[in-house]
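Protein chains: 2
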Amino acid sequence: MNGSESSKISAIEAVAQRARDASRAMLSASTDERNAALEAVHNSLLGAKDAIVAANEADKKAARELMEKGSLSSALVKRLDLAGKKFDAMLDGVKSVASLPDPVGACSLSRKLDDGLQLFRVACPIGVICIIFESRPEAAVQIASLSIKSANAVILKGGKEAEKSNAILVETIRSALRSANVPEDAVQLVATREEVRELLDQTKYIDLIIPRGSNSLVRYISDNTKIPVMGHADGICSIYVDAKADPLKAKDIVVDAKAQYPAVCNAAETLLIHKNALETVLPVVGKGLKEANVQVLADDASKPILDAVPGLHVEASSPGDYRTEFLELRMAVKVVDSLSSAVTHINEHGSGHTDCIVTEDESSAQMFMAMVDSAGVYHNASTRFADGFRYGFGAEVGVSTHRTHARGPVGLEGLLIYKYMLKGNGHIVAPYANGEKKFKHEDTPGIKPVIDS
Amino acid sequence: MNGSESSKISAIEAVAQRARDASRAMLSASTDERNAALEAVHNSLLGAKDAIVAANEADKKAARELMEKGSLSSALVKRLDLAGKKFDAMLDGVKSVASLPDPVGACSLSRKLDDGLQLFRVACPIGVICIIFESRPEAAVQIASLSIKSANAVILKGGKEAEKSNAILVETIRSALRSANVPEDAVQLVATREEVRELLDQTKYIDLIIPRGSNSLVRYISDNTKIPVMGHADGICSIYVDAKADPLKAKDIVVDAKAQYPAVCNAAETLLIHKNALETVLPVVGKGLKEANVQVLADDASKPILDAVPGLHVEASSPGDYRTEFLELRMAVKVVDSLSSAVTHINEHGSGHTDCIVTEDESSAQMFMAMVDSAGVYHNASTRFADGFRYGFGAEVGVSTHRTHARGPVGLEGLLIYKYMLKGNGHIVAPYANGEKKFKHEDTPGIKPVIDS
């Protein structure tokens, strides 16, 4: 809350320090104040629509020029767009975050340690979050909204291609925060890649980094910081078609998981098939893949069956194909001898994201779901369901394949931790340590903390 | 689950790989199997008592020789001891962990996404935990018990001084696991400091490192690994005595927090006192500190008052004293102008462990508890309560000052994460993506997952 040491620090360290100060100030922002700030953000963005669309147009123009030179993909240019329906959806997103229940202050433990000595565990913001995202500028608004809702301070680093769009979006959000009496430094923007490198060193001020983007971005971040990172690099999802799979369910699920939107992390990359389903189920699945224009990379055992599917593009697979995130209409196929082999394959080759078994046998499904060590384990459902909105979280901060803090699609609660509040009346430890007094340790779910805000 | 790539790997990488394989195998160990394994561990340790006490005697003899040469403290030698009551307490600890409810499989979310499409979030082990601890050999048994209970695999690194004790304890535990049909590699021991360095690189196999020991150990670990670390380096806890503090409660709490056991992380190091309590409350607290043989380091405003306390050892403080974890009978004292200054001081100088306000004013207490950004925020209770056993967790894996995963005293649940289980009946995403179908997102707390184990 003071800047007395700020004379000798770098610009980026100053950004991080201001974020920490803002995060501390956010601790006193009530539910109503944070929701009012989101309302102000919504209205300011609406009021600045023309200027935002114009800045976005400039980004798009520059991007189209790069595309014509071949140095930017058309998909990326498309993702830059903020006009029309996308603008409205972005504003709706702010309202929808405002309408979510306040996650801050939720009490997950209420326990009487002894007479007059009451313990509570209460949800609170993590503090300072740094989110590094690529290209889509509406992500800046979504993330800022989630951060304000959860009383965190956020440092945003967007893609270079969306620089002008991000700049005006964040400036509009900050002006709204000023008007709403919430610290504007609760949302800050950092522009260049060089600045990211320096942000990664701010262990004192940044509590969590969430990279949202390419595999290489996530790896770069993870390899270059001591700050906890939440996210996922790979999404190598598998579908295991069991001996007792229903052929039509198998076909529908494999085609949906592979082809409904292949460029995303929850799309399936590998098809494992039980040897006893090879002649009964695989031809049906192969026909579906052909209709969806999927090319297959087949092992020796599955190749003859797939070769017999009219029109299906089949190549022989190599071992590396089973560790590859294709993100396009290609799928590696492998025959396994048993459920247990399928589990072993997935645990060794997958990325711990989402894996599915297709079977009519309930006990096989239970075994698969217990033994596959992934964030999502599915039975007879497409891996594409692995998404915060589809899970009903209202918003998503990312998908985590880590095994601490949060796993799988992460909603608002991924931006929260808790603190313990203990209320006594002069209680000291000495009489408990020497045996004079004993703890009662009675859970008291009916007793809630009084939280000042 | 195979060792095909093990020919080219180091001994430590092989340890880590075996731990990963064991953690996967633990996924199929039922509640009863894990509790039976703990029973077997208890019985084996009891059966091996003479050999364990003999090995411990050898460690103690070597330590006493080092102590006589002045290269080991007597406190450390004392902490090595495993005989008598300590042995019995160690065995009781195993039984008490066995009697805790099974944390694995607990369902924290049950939601109907649509007809026939049911989502569950189910607690599961993190996987492979590495715990690095110092001197006290019974910690090996406690940690191994918690790890077995939570279906994790653990790699233990104990202190050099307890080498023989740790070796026989872990070998006894492993033989019990073999007899109980739980993979023995779920508990492994690593002996040397050089091996620790290599363990810190095993990002592929180790999911979480928990250092339990000195500040320098924790810093070394945190500075030298990309694996998530849970724990705390410093425990700089403060007591803020408010303008409306009850003098006797203030005295009791300050003395207990500082002097009841000064060598631990939840002991208080700093006393902040409101200027209006300077003449009324501080003399009473000072008298208590004198009786407890505490030396004080006072700022200019508090020094005259403390100097007037008969027999109290008072020195002038320097700024560094307010960032120091004394771990002995010394305490820094500072006068503040307001509650808000106290909060700012704590957030800037403290370590986010546990801080307390002493006041009779409820709204000041609420403000303090909301604004102090620490794992524990206390009102009229000694900071020494910050402990997993005192919170009623039955067991403690450590105290975390991090802001992700787990914060404050961490019980068994700190060794758990969750996975999402989705049960469908051939459900695919396409009709939801094109608007044909809509999600229902109804919470269904009565519907529980069937878990195979």
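Chains as they are written, first to last, in this note's numbering: chain A, 15 to 467; chain B, 15 to 467.
Glycine residues also receive a C-beta, built at the ideal position from the N, C-alpha and C atoms.
**Prompt:** Mind checking if residue 30/A is an interface residue toward chain C, Cβ cutoff 9 Å exclusive?
**Reply:** The chain inventory of the structure shown lacks chain C, comprising the protein chains A and B.
**Request:** Work out the CA separation of residue 92/B and residue 375/A for me, nearest whole Å.
**Result:** 58 Å
**Request:** Enumerate in chain order the residues of its own chain whose CB-to-CB distance from residue 297/A is below 8 Å, with the five nearest sequence positions on each side excluded.
**Result:** 319, 322, 323
**Message:** Residues of the region 239-267 of chain A in Cβ contact with chain B at a cutoff of 8 Å, in chain order, please.
**Reply:** 240, 242, 244, 260, 262, 263, 266, 267
**Prompt:** Rounded to a whole number of angstroms, what is the C-alpha to C-alpha distance between residue 138/A and residue 462/A?
**Reply:** 15 Å
**Message:** Looking at residue 413/A: is its Cβ nearer than 9 Å to the Cβ of residue 246/A?
**Reply:** yes
**Request:** Report yes or no: do three or more beta-carbon pairs, one from the region 149-165 of chain B and one from the region 438-453 of chain B, lie closer than 8 Å?
**Result:** no
**Asked** To the nearest whole angstrom, what separates the beta carbons of residue 145/B and residue 34/B, a pair I think is in contact under 8 Å?
**Response** Not confirmed; about 16 Å, so no contact.
**Asked** Just by C-beta distance, which residues in the region 427-459 of chain B are closer than 8 Å to chain A?
**Response** 431, 432, 433, 434, 435, 436, 437, 438, 439, 440, 441, 442, 443, 444, 446, 447, 453, 455
**Request:** Could you name the residues of chain A that residue 390/B contacts, counting a contact when the two beta carbons are closer than 9 Å?
**Result:** 433, 434, 435, 436
**Request:** Measuring only between beta-carbons, confirm whether residue 168/B sits less than 9 Å from chain A.
**Result:** no
**Asked** Using a beta-carbon distance cut-off of less than 7 Å, what residues from the region 37-53 of chain A approach chain B?
**Response** 38, 41, 42
**Prompt:** Sorted by chain position, which residues of the same chain lie with C-beta nearer than 8 Å to residue 342/A's C-beta, five sequence neighbours on each side aside?
**Reply:** 276, 277
**Request:** Please classify residue 157/A: does DSSP put it in a helix, a strand, or coil?
**Result:** helix
**Item:** Under 8 Å by beta carbon: chain B residues contacting residue 274/A
**Value:** Under the 8 Å cutoff, chain B gives 442, 443, 444, 447.
**Near-chain A residues of the region 391-409 of chain B (beta-carbon distance less than 8 Å), N- to C-terminal order** = 391, 392, 393, 394, 395, 396, 398, 399, 400, 404, 405, 406
**Request:** Give the DSSP-derived three-state secondary structure of residue 229/A in the structure shown.
**Result:** Residue state, collapsed to three classes: helix.
**Ranges of the alpha helix (DSSP H) found wholly within the region 59-104 of chain B, counting only runs of at least 4** = 63-82, 88-94
**Prompt:** Using 9 Å as the limit for Cβ to Cβ distance, is residue 81/B near chain A?
**Reply:** no
**Request:** Reducing DSSP to helix, strand and coil, say where residue 30/A ends up.
**Result:** helix
**Request:** Put residue 451/B into one of helix, strand or coil per three-state DSSP.
**Result:** coil
**Request:** Would you please verify whether the beta carbon of residue 288/A is less than 9 Å from any beta carbon of chain B?
**Result:** Closer than 9 Å to the CB of residue 288/A there is not a single CB belonging to chain B.
**Prompt:** How many Å lie between residue 355/A and residue 284/A at the Cα?
**Reply:** 14 Å
**For residue 139/A, the first and last residue of its enclosing beta strand (DSSP E)** = 131-139
**Asked** Are residue 325/A and residue 304/A touching if we call contact CB-CB under 9 Å?
**Response** yes
**Asked** Going along chain B in order, which residues have a C-beta closer than 9 Å to the C-beta of residue 161/A?
**Response** The contacting residues do not exist; residue 161/A stays about 14 Å from chain B at best.
**Asked** Using a Cβ-Cβ distance under 9 Å, would residue 421/A count as near chain B?
**Response** Using a CB distance cut-off of 9 Å, residue 421/A counts as an interface residue toward chain B.
**Request:** Give a yes or no on whether 9 Å exceeds the smallest Cβ distance from residue 320/A to chain B.
**Result:** Chain B, which has no Cβ nearer than 9 Å to the Cβ of residue 320/A, makes this no.
**Item:** Cα-Cα separation between residue 241/B and residue 191/A, rounded to whole angstroms
**Value:** 37 Å
**Asked** Of all the beta strand (DSSP E) runs that stay within the bounds of the region 281-369 of chain A, which reach a length of 3 or more residues?
**Response** 282-288, 309-312, 328-330, 344-350
**Item:** Other residues of its chain near residue 27/B: CB distance less than 7 Å, five sequence neighbours each side excluded
**Value:** 216
**Prompt:** Is there at least one Cβ from chain B nearer than 9 Å to residue 93/A's Cβ?
**Reply:** For residue 93/A, no CB of chain B lies under 9 Å from its own CB, so it is not counted at the interface with that chain.
**Asked** Is residue 35/B helix, strand or coil by DSSP?
**Response** If DSSP states are grouped into helix, strand and coil, residue 35/B belongs with the helices.
**Request:** Measure the beta-carbon distance from residue 252/B to residue 286/B and round it to whole angstroms, keeping in mind my assumption that it falls under 8 Å.
**Result:** 6 Å
**Message:** Are the CB atoms of residue 165/B and residue 40/B within a distance shorter than 9 Å?
**Reply:** yes
**Message:** What does the alpha-carbon distance come out to for the pair residue 408/B and residue 420/B?
**Reply:** 16 Å
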